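Notes follow the structure.
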């Protein structure tokens, strides 16, 4: 099965497009899990990240189709952090979740090949099902990722319009009356189409997707229109400001075509109301579980995700 | 001392701007160092990379100011590869070389902070003196790198015009009569100026530099002109096609302002003439040494690098 088929199946079987972003930040992890350990202790802190992420995975694995691993949170701690990342990816896979390695990698062709072969697919060193890729270096820096992805039943998500306010600095510059993100989006669509199989009855989407920030509600319809054959990975929901209404345009009529990431809003639900008063730090896992269920409900009620079967 | 001052001092003390790119590719490493080990063996291959890189460092440490570590070559092998990368960075530092972590990282602000704090400066987990950064996500994704760099006496090099042919796909699109790389270059120049200290007599350059491919000889003068206060990291020399004449415009009148990367042409010199016949695989280190000295000579004879004192 291709990545696109795996993703469609996972989204349908859990009946939700919610993607849990594993961005473990030491300072936000419940005190009880990190007491006596310094935030900058590169030997001990990674094992706290690992334990926290595995606990989150235990909570969300029955509820959602996939998790996104933020590489920076682990790379912060050097190679010890990367061992923790490795362990967490493997644990998530064992629990039946699809895994997305979020490192926004990109380099000249011969180097891109190494990133791709190391990260993509169950047989690779990292064993991720998909990864995020930066488009700045152009076609020959992206093609090796596409090639490896299709060979390994894996996928990639190319940055198109990122969720951060500064994203518009270069992405919104206009060239030939089109924004740069529009140029990138049209290229991503081409790549996505190139990965479609004739016998692909299961889904209309290819193995090349796009990262499109939920925070740009006006642009989401434009991008959904261009990116007809690309899965959208949508960050920016929750803590970054977007809600279910904002992101409604990203889904097709069956509720497919997009996965919606939430990191802080789910992982650290215990720090914010209503979960804070209800569960507090001691029951942080219950807070995460309820926040995840609430997000699933919101998307079900206010978007076509409610039509998933 | 700031990174810019450290770099100027290192370039002057070795009298050359040659940057050795440590891009260890298992398949190119001398047979004798890898016999009996499979290229895809994620446990054993990293130790071969490490040994090879440390041997290269022994050869080039007396000759050049800095090395650039290509993260992808190590990340290919998962967390075991990252341990090797960690060891190689530390070994290069011990041997007195400045180290540039080439990972082209970039993410939203709060995540960029983690990359920056983990990679930049002697006190960080990775302990690199500088790193490469991708500009696609805009100002708020880059500022955390600048902040940490100046605090840690470290530097960053932002991708402006990359050496690969496909680089022009988005970088050369025109907006308001200027290419995207020109827009990025002007922003990098602003950042570089923002890091200049009043008492900075040693050098006119800041701690924010730019990656500018040697393969675009026509554009190098334009970029040198815009990037008056930025060190240029110039890949693409040698195997990628550029020669000393091509890159002459990147230096200022004192031979400062740019470092010229060569990876394959130096690391695997033994595979190509004239070194192949002269030294062969057995004396690969002598081949690397002579190729490095030849590159130093070429830059000395044909560019302002000859004026370094």
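Chains as they are written, first to last, in the working numbering: chain R, 1 to 309; chain A, 1001 to 1309. Don't be surprised by glycine CBs; every beta carbon is placed ideally from N, CA and C. All values derive from a computational prediction rather than experimental measurement.
Span separating the alpha-carbon of residue i from that of residue j
i	j	result
residue 1060(A)	residue 5(R)	50 Å
residue 1002(A)	residue 1195(A)	9 Å
residue 146(R)	residue 185(R)	15 Å
residue 1047(A)	residue 1032(A)	14 Å
residue 1143(A)	residue 1109(A)	8 Å
residue 1070(A)	residue 1101(A)	7 Å
residue 1008(A)	residue 1017(A)	9 Å
residue 58(R)	residue 1074(A)	30 Å
residue 1013(A)	residue 1245(A)	23 Å
residue 22(R)	residue 120(R)	18 Å
residue 253(R)	residue 1153(A)	53 Å
residue 155(R)	residue 122(R)	12 Å
residue 15(R)	residue 294(R)	14 Å
residue 1132(A)	residue 277(R)	44 Å
residue 1183(A)	residue 1255(A)	26 Å
residue 193(R)	residue 1175(A)	28 Å
residue 1024(A)	residue 1240(A)	16 Å
residue 1045(A)	residue 1034(A)	8 Å
residue 134(R)	residue 158(R)	6 Å
residue 1090(A)	residue 1030(A)	23 Å
residue 1148(A)	residue 1117(A)	6 Å
residue 307(R)	residue 257(R)	12 Å
residue 227(R)	residue 217(R)	15 Å
residue 1191(A)	residue 1279(A)	46 Å
Rounded Cβ spacing between residue i and residue j (contact assumed at less than 8 Å)
i	j	result
residue 1064(A)	residue 1215(A)	No, residue 1064(A) and residue 1215(A) are not in contact; Cβ-Cβ is about 21 Å, not under 8 Å.
residue 166(R)	residue 1139(A)	4 Å
residue 1259(A)	residue 1019(A)	4 Å
residue 10(R)	residue 50(R)	Going by Cβ atoms, the distance from residue 10(R) to residue 50(R) rounds to 23 Å, so no, they are not a contact pair.
residue 1093(A)	residue 1112(A)	Residue 1093(A) to residue 1112(A), Cβ: 24 Å. No contact.
Minimum Cβ-Cβ distance from residue i to chain R less than 8 Å
i	result
residue 1380(A)	No statement about residue 1380(A) is possible, as the shown extent of chain A runs from 1001 to 1309 and does not include it.
residue 1048(A)	no
residue 1270(A)	no
residue 1164(A)	yes
residue 1139(A)	yes
residue 1286(A)	no
residue 1205(A)	no
residue 1092(A)	no
residue 1125(A)	yes
residue 1079(A)	yes
residue 943(A)	A question about residue 943(A) goes unanswered here, because the residues of chain A that appear run from 1001 up to 1309.
residue 1111(A)	yes
residue 1237(A)	no
Any non-hydrogen atom of the ligand SAM within 7 Å of residue i CB
i	result
residue 276(R)	Here there are no bound small molecules, and the ligand SAM is not part of this structure.
Beta-carbon proximity check, residue i vs residue j, cutoff 8 Å
i	j	result
residue 288(R)	residue 269(R)	yes
residue 1099(A)	residue 1128(A)	yes
residue 1213(A)	residue 1236(A)	yes
residue 187(R)	residue 161(R)	no
residue 230(R)	residue 303(R)	no
residue 125(R)	residue 1115(A)	no
residue 179(R)	residue 189(R)	no
residue 1221(A)	residue 79(R)	no
residue 1164(A)	residue 137(R)	yes
residue 1261(A)	residue 1068(A)	yes
residue 1211(A)	residue 1233(A)	yes
residue 285(R)	residue 87(R)	no
residue 1028(A)	residue 1271(A)	yes
is_contact[residue i, chain A] using C-beta, thresh 8 Å
i	result
residue 174(R)	yes
residue 52(R)	no
residue 72(R)	yes
residue 24(R)	no
residue 209(R)	no
residue 251(R)	no
residue 135(R)	yes
residue 69(R)	no
residue 246(R)	no
residue 117(R)	yes
Residue i burial status per 10 Å Cβ neighbour count (16 or more: buried)
i	result
residue 1309(A)	exposed
residue 1043(A)	exposed
residue 96(R)	exposed
residue 106(R)	buried
residue 76(R)	buried
residue 39(R)	exposed
residue 1263(A)	buried
residue 1225(A)	exposed
residue 1300(A)	buried
Chain C within 8 Å of residue i, Cβ atoms only
i	result
residue 146(R)	Protein chains in the displayed structure are R and A, and chain C is not among them.
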